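Residue numbers (the working numbering), protein chains in the order written: chain X, 236 to 317; chain W, -8 to 202.
Worksheet: the structure to be examined is printed underneath.
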């Protein structure tokens, strides 16, 4: 297995979805290729960073409910069809 | 890596036993209960629709549409998920409906954001560790937060949407496939390519060997 294939199969491996023979080849490559081991860690880190940044935005948004939007939503409730 | 459908059950301040009491009041048409529902849930729903739509006006319209749709369906809400989770799904759908109704522009290719490989299959740029391993330490720096947001925003829309729905909103693959009307295989492929493109962009400034 090459580094290119390792990157290609990475998510399937993380999700436990690689067939047995590919899984063995993937893990053998990973054990023998320090750069791919680093790649795996930074891939997971990128996902964690993306999630954390967005979830922090959600947390920070908790204090803010624009009043005009709240009023518009409540007014829409009273309209026919709402 | 954490996966699974429990993710969207993140606390919103409107879960637990209070849900049943609130639902009962909503079904009685209690105006104050409607206001609580809207005030408590609007901020987080707005954060979700802003991310997907990247337009404040559209994001607000989508939240309003979501609530109107939820009010109409309240009698059919079974109570088998939290009200906040149910509203979250409705808001995601409202935002995606809006996205679909926008005039389609040809999408940029994701290829320019993907890593390069040598002919023999080795990395063209050898991966090295990032400057700080812990996400929390990295995110203490505002510039890193900005870079992460910009990297997500630079993804072509069809990839960004899958990344947002799977990794951020934490919907299941099958749900995302249904919402986007694509196969589960396409969702997985797009998610992986979006993550690889995200990693590749972040690598440019987080590599230990970058001054």
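No residue lacks a Cβ here, since even glycine has one placed at the ideal position from N, Cα and C.
Because the structure is a prediction, the values reported are computed rather than measured.
Check whether chain X comes within 8 Å of residue 118(W), counting only Cβ atoms and requiring the distance to be less than that. Residue-level contact check: residue 118(W) touches chain X, since one or more beta carbons of chain X fall below 8 Å from its beta carbon.
Can you name the residues of chain W whose CB is closer than 7 Å to the CB of residue 286(X)? Close partners of residue 286(X) in chain W (Cβ separation under 7 Å): 158 and 159.
Which word fits residue 76(W), buried or exposed, when buried means at least 16 other C-beta atoms lie within 10 angstroms of its C-beta? Buried is the call here.
Between the alpha carbons of residue 185(W) and residue 16(W), how many angstroms are there, rounded? If you take the alpha carbons of residue 185(W) and residue 16(W), they lie about 43 Å apart.
Contact check, residue 13(W) vs residue 24(W) under 8 Å by CB: the rounded distance? With a Cβ gap of about 6 Å, residue 13(W) and residue 24(W) count as contacting.
Would you call residue 200(W) buried or exposed, if buried means 16 or more other Cβ atoms sit within 10 Å of its Cβ? Its Cβ having fewer than 16 others within 10 Å, residue 200(W) is exposed.
Report the residue from 102(W), 189(W) and 29(W) whose alpha carbon sits nearest the alpha carbon of residue 143(W). For the residues 102(W), 189(W) and 29(W), the minimum Cα distance to residue 143(W) belongs to 189(W).
Three-pair Cβ contact test at 8 Å for the region 277 to 293 of chain X versus the region 31 to 47 of chain W: Contact holds: three or more Cβ-Cβ distances are below 8 Å.
CB contact below 8 Å: residue 270(X) versus chain W: Interface residue, yes.
Three or more beta-carbon pairs under 8 Å between the region 119 to 132 of chain W and the region 164 to 176 of chain W, yes or no? They do not touch, by the three-pair rule.
Residues that residue 114(W) contacts on chain X, provided the C-beta gap is smaller than 9 Å: What residue 114(W) touches in chain X, judged by beta-carbon distance under 9 Å, is 238, 239, 242, 270, 271 and 274, going in chain order.
Where does residue 132(W) land, buried or exposed, given buried means 16+ other C-beta within 10 angstroms? By the Cβ neighbour-count rule, residue 132(W) is exposed, with fewer than 16 other Cβ atoms within 10 Å of its own.
What does the Cβ neighbour count give for residue 105(W), buried or exposed, with the cut at 16 atoms within 10 Å? With fewer than 16 other Cβ atoms within 10 Å, it is exposed.
Go to residue 133(W), then tell me how far its alpha helix (DSSP H) extends in each direction, as first and last residue. It spans 133 to 145 - the alpha helix (DSSP H) in which residue 133(W) sits, taken as one unbroken run.
DSSP three-state assignment for residue 79(W), whether helix, strand or coil: DSSP places residue 79(W) in helix when its eight states are reduced to three.
DSSP puts residue 198(W) in a beta bridge; with which residues? DSSP lists 121(W) as partners of residue 198(W).
Could you have a look at residue 114(W) and say whether DSSP puts it in helix, strand or coil? Reduced to three states, the DSSP call for residue 114(W) is strand.
Where the alpha helix (DSSP H) containing residue 270(X) begins and where it ends: Under the DSSP assignment, residue 270(X) falls in the alpha helix (DSSP H) whose first and last residues are 269 to 296.
Pull up the CB-CB distance for residue 153(W) and residue 167(W), whole angstroms please, since I reckon it's below 8 Å. Going by Cβ atoms, the distance from residue 153(W) to residue 167(W) rounds to 6 Å, so yes, they are a contact pair.
Comparing the C-beta of residue 253(X) with each C-beta of chain W, is any distance below 8 Å? Cβ-Cβ to chain W under 8 Å: no for residue 253(X).
Proximal chain W residues relative to residue 312(X), where beta-carbon distance stays under 8 Å: Around residue 312(X), the beta-carbon contacts reaching into chain W at under 8 Å are 25, 58, 59 and 62.
Out of 115(W), 73(W), 176(W) and 148(W), which has the shortest C-alpha to C-alpha gap to residue 90(W)? By alpha-carbon distance to residue 90(W), the top candidate from 115(W), 73(W), 176(W) and 148(W) is 148(W).
Between which two residues does the alpha helix (DSSP H) harbouring residue 307(X) extend? Element bounds for residue 307(X): 302 to 313.
At least three beta-carbon pairs within less than 8 Å, the region 300 to 309 of chain X to the region 49 to 58 of chain W: The region 300 to 309 of chain X is in contact with the region 49 to 58 of chain W.
For residue 96(W), does the count of other Cβ atoms within 10 angstroms reach 16, so buried, or fall short, so exposed? Exposed, by the Cβ-count rule.
Mind checking which residues open and close the alpha helix (DSSP H) that includes residue 328(X)? Coverage of chain X is limited to positions 236 through 317, which leaves residue 328(X) absent and any answer about it impossible.
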